[in-house]
Amino acid sequence: MRLRPASFHRSLVAGALALTAVLSGAPIAQAVPATAPAFRGGPVTGCLDSSVAGTVEEQRLGRGINGGPSVPAEILRRTGFDRQVDVFTQLLCRVPSRKAAAALVRAHGEALWRAATYRAQHAPQDADALPSTDDRGLYWARLSMALALRQWQPAFGLSTAERAELIRSFEYASRGITTTRFSPGGRKILVTGFDPFTLDADIRIGNPSGANALTLDGQRWTVNGTTYEIQTAVFPVRYTDFDENMVEDTLAPHYRPGPQHADLVMTASQGRVGIFDLEVFNGRRRSVSSIGDNNNLWGGGTISSPVVSPSMPAGPEWTTSSLPLARMAQTDVAPFRTRVNTSILEIPAGESTPVRRPDGPTEGSIASEGAGGGYLSNEVAYRNTLQRDLLDPSMPAGHLHVPVLSFDLTNKTDITDPTYEANRTAIITGAHAILRSALS
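If you want the numbering used here, it's the position in the sequence shown, counting the first as 1, plus 16.
#1: Excluding the 5 residues flanking Asn82 on each side, which residues of the same chain have their C-beta closer than 8 Å to its C-beta?
#2: Near Ala50, what residues of its chain come up, given a Cβ to Cβ distance below 7 Å and the 5 sequence neighbours on each side ignored?
#3: Run through the DSSP bridge pairs and tell me what Met282 is partnered with.
#4: My assumption, with CB atoms under 8 Å, is that Ala397 sits in contact with Asn298. Please give the rounded CB distance.
#5: How about Asn357 and Val304: are their beta carbons less than 8 Å apart?
#6: Would you mind stating whether Leu128 and Gln100 have Cβ atoms separated by less than 8 Å?
#7: When you compare the CB of Asn261 with every CB in chain D, is at least one pair closer than 8 Å?
#8: Considering only the alpha carbon of each residue, which of Val103, Gln169, Arg452, Gly388 lies closest to Arg288?
#9: Go ahead and pull the three-state DSSP assignment for Asn298.
#10: For Gly461 versus Val250, is the C-beta distance shorter than 8 Å?
#11: For Ile291 versus Pro370, is the C-beta distance shorter than 8 Å?
#12: At the level of alpha carbons, what is the spacing between Leu154 and Ser185?
#13: CA-CA distance, Ser119 and Leu215?
#14: Give the secondary structure of Thr347 by DSSP, where H, G and I count as helix, E and B as strand, and everything else as coil.
#15: Roughly how many whole angstroms lie between the Cα atoms of Arg236 and Gln167?
#16: Take the Cβ of Gln286 as the centre, count every other Cβ of all protein chains shown within 10 Å, and call the residue buried at 16 or more, exposed below.
#17: Leaving out five residues before and five after Phe97 in sequence, what residues of the same chain have Cβ atoms less than 6 Å from its Cβ?
#18: Let's test the definition: count the other Cβ atoms within 10 Å of the Cβ of Leu392 and tell me whether it reaches 16, buried, or not, exposed.
#19: Evaluate Ser23 with the Cβ neighbour count: other Cβ atoms within 10 Å of its Cβ, from every protein chain shown; 16 or more gives buried, anything less gives exposed.
#20: With a threshold of 6 Å on Cβ separation, who are the neighbours of Asn261 within its own chain once the five nearest residues in sequence on each side are excluded?
#21: Count the other CB atoms, across all protein chains shown, that sit within 10 Å of the CB of Thr95; report buried if there are 16 or more and exposed otherwise.
#22: Relative to the alpha-carbon of Gly125, which residue among Ser160, Asp144, Glu187 has its alpha-carbon at the smallest distance?
#23: My assumption, with CB atoms under 8 Å, is that Pro377 sits in contact with Glu362. Please give the rounded CB distance.
#24: Touching or not, the stretch 312-329 and the stretch 420-439, by the rule of three or more beta carbon pairs under 8 Å?
#25: Since Asn228 and Ala447 are thought to touch, with beta carbons under 8 Å apart, how far apart are those beta carbons, to the nearest angstrom?
#26: Of the residues Ile444, Thr208, Gly201, which one's Cα is nearest the Cα of His277?
#27: Apart from the five residues on each side of it in sequence, which residues of its chain come closer than 8 Å, Cβ to Cβ, to Val87?
#28: Thinking C-beta only, is Leu294 closer than 8 Å to Ala413?
#29: How about Glu395 and Phe258: do their beta carbons lie closer than 8 Å?
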């Protein structure tokens with residue numbers, strides 16, 4: 017059948033959703049309207065220009081260990097997301113217009129997110145598959161598709177700004193940001209996580225805060241007779257996205273009055289070994305100089321000269337968590353422990369040398385490190401609680417640092433092992449229990 021131009025982009029959207037659902041094992045009925053036409057088409061190649069360089073983050077897609085095969089490729093294969101990447105590329109090569117491209121990118125980004133959250137909540141059937149809670153497949157699939165968008169040579173004109181907007185749309189859709197829509201009525205909870213990071217140290221790394229978010233998305237919990245709907249999103253470990261207000265774009269709609277107003281917002285990231293840290297004080301500034309983001313860019317600050325993001329809304333040097341920390345800290349999270357963390361690093365008023373304060377900031381001090389440090393974990397916590405202060409000061413909001421996810425000490429090459437998988441399961445179980453305590 018030859019499709020009319022007016023219906024072509026709708027078919028692409030439907031095809032993207034339907035094929036993604038089939039390949040991931042998710043029910044098609046959840047992904048595509050019953051009246052949408054099916055996509056019919058064979059393999060298409062030749063629309064990508066591989067000479068176009070990807071970002072630093074995207075260039076890691078081919079990286080192996082000691083010159084071996086690509087670790088990301090193996091993760092993609094063993095999570096099934098390699099098929100999503102192939103489908104997306106085939107569909108992209110058939111797009112006839114900018115309007116169709118915008119529809120396809122948004123639809124396939126959301127379909128990728130739905131496939132990832134479905135997988136995280138349903139055991140895979142393939143004997144060689146990585147466990148359902150492995151967050152790394154989504155991460156590498158997103159980067160693969162973003163690289164395809166960067167290298168795509170469409171049959172129509174596409175400006176640099178238009179391409180950048182397509183990539184931005186795909187990022188928001190594939191991170192759950194565009195689908196944090198709550199159902200009418202009931203209590204509403206928003207939880208966020210982060211991508212893997214420090215991948216130059218170990219390309220195999222995952223992030224349990226992201227895995228936790230995938231397992232929670234769309235869940236409905238009943239706690240003490242009250243039903244809560246949970247929506248989630250996963251943030252990139254990139255300063256640029258924070259500078260472009262991705263956090264505010266995600267969280268602010270759920271602080272404003274209306275049907276999407278949440279009842280609790282908790283950001284989360286990976287922190288210290290063996291500890292769930294409930295961070296109390298969040299600093300306004302960036303101070304980490306020893307670690308770059310996933311594009312190997314630095315925030316520009318040091319502990320003695322911390323800096324503020326150029327996009328940061330006006331606010332105080334410090335904000336404070338309003339989560340029920342005492343109750344959350346009593347949660348059984350064995351084999352880990354919980355801690356209400358009040359330690360910060362400040363530059364006291366009128367001074368220039370940073371001072372560690374175990375019990376929080378003093379009057380008039382400059383924030384060097386919040387309880388969660390001086391990196392993007394602290395910044396997402398600050399941006400979250402600042403939105404609370406600006407839009408709904410009564411909202412319970414704050415940040416949870418989950419324990420570090422580690423491989424077996426003897427495993428230097430395999431992409432997984434029993435220790436790694438048991439560690440991730442225990443972290444997710446503990447994070448779920450802490451959230452339940454917050455809702456008690």
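Glycine included, C-beta positions come from ideal geometry on N, C-alpha and C. Quantities reported herein were computed from a predicted structural model and do not represent experimental measurements.
Reading from the atomic positions:
#1: The residue you call residue 82 lines up with position 66 of the sequence shown. The residues are Thr429.
#2: Here residue 50 refers to the residue found at position 34 of the sequence shown. In this prediction, Ala50 scores a pLDDT of 31, lower than 50, which makes its location untrustworthy; no coordinate-derived value is stated.
#3: One-based indexing of the sequence shown puts residue 282 at position 266. Its beta-bridge partners are Val207, Gly414.
#4: Within the sequence shown, residue 397 is the residue found at index 381, counting from 1. Within the sequence shown, residue 298 is the residue found at index 282, counting from 1. Contact holds; Cβ gap of about 4 Å.
#5: To locate residue 357, count along the sequence shown from 1; it is residue 341. To locate residue 304, count along the sequence shown from 1; it is residue 288. In this structure, Val304 does not lie closer than 8 Å to Asn357 by Cβ.
#6: Locating residue 128 in the sequence shown gives position 112, where the first residue counts as 1. Locating residue 100 in the sequence shown gives position 84, where the first residue counts as 1. Yes, Cβ-Cβ distance for Leu128 and Gln100 is below 8 Å.
#7: Any reference to chain D falls outside this structure, which holds one protein chain only.
#8: Looking up residue 288 in the sequence shown gives position 272. It is Gly388.
#9: Start at 1 with the first residue of the sequence shown, and residue 298 comes out as number 282. Strand.
#10: The requested residue 461 is not part of the displayed model; the chain covers only 17 to 456.
#11: In the sequence shown, the residue the question calls residue 291 occupies position 275. In the sequence shown, the residue the question calls residue 370 occupies position 354. In this structure, Pro370 does not lie closer than 8 Å to Ile291 by Cβ.
#12: Here residue 154 is taken as the residue at index 138 of the sequence shown, counted from 1. Here residue 185 is taken as the residue at index 169 of the sequence shown, counted from 1. Whole-angstrom Cα-Cα distance: 16 Å.
#13: For the purposes of this step, residue 119 is taken as the residue at position 103 of the sequence shown. For the purposes of this step, residue 215 is taken as the residue at position 199 of the sequence shown. Residue identity check: residue 119 is Ala in the sequence provided, not Ser. Between Ala119 and Leu215, the C-alpha separation is close to 32 Å.
#14: One-based indexing of the sequence shown puts residue 347 at position 331. Thr347 falls in the coil class under three-state DSSP.
#15: In the sequence shown, the residue the question calls residue 236 occupies position 220. In the sequence shown, the residue the question calls residue 167 occupies position 151. Rounded to whole angstroms, Arg236 to Gln167 spans 40 Å at the Cα level.
#16: In the sequence shown, counting from the first residue as 1, residue 286 sits at position 270. Per the 10 Å Cβ criterion, buried.
#17: Stepping through the sequence shown from its first residue, residue 97 is reached at position 81. The residues are Gly153, Ala157.
#18: As a position in the sequence shown, residue 392 is number 376, starting the count at 1. Its Cβ being crowded by 16 or more others within 10 Å, Leu392 is buried.
#19: Residue 23 sits at position 7 when you count from the first residue of the sequence shown. Summary for Ser23: the model assigns pLDDT 40, below 50, so the residue's position carries little reliability; its value from the coordinates is reported in the next sentence. Result: exposed.
#20: Here the question's residue 261 lines up with position 245 in the sequence shown. Around Asn261: Ser327.
#21: Position 79 of the sequence shown holds residue 95. Thr95 should be labelled buried.
#22: By one-based count along the sequence shown, residue 125 stands at place 109. The option with the nearest alpha carbon to Gly125 is Glu187.
#23: For the purposes of this step, residue 377 is identified with residue 361 of the sequence shown, where counting begins at 1. For the purposes of this step, residue 362 is identified with residue 346 of the sequence shown, where counting begins at 1. That belief holds up - the Cβ atoms of Pro377 and Glu362 are roughly 5 Å apart, short of 8 Å.
#24: no
#25: Position 212 of the sequence shown, counted from the first residue, corresponds to residue 228. Position 431 of the sequence shown, counted from the first residue, corresponds to residue 447. With 8 Å as the limit, Asn228 and Ala447 qualify as a contact, their Cβ atoms being about 5 Å apart.
#26: Here residue 277 refers to the residue found at position 261 when the sequence shown is read from its first residue. The option with the nearest alpha carbon to His277 is Gly201.
#27: The residue you call residue 87 lines up with position 71 of the sequence shown. Hits under 8 Å: Arg79, Gly80, Ile81, Ile219, Arg220, Ile431.
#28: As a working note, residue 413 is residue 397 in the sequence shown. As a working note, residue 294 is residue 278 in the sequence shown. For Ala413 and Leu294, no; Cβs fall outside 8 Å.
#29: The residue labelled residue 395 in the question sits at position 379 within the sequence shown. The residue labelled residue 258 in the question sits at position 242 within the sequence shown. A contact, by the Cβ cut-off of 8 Å.
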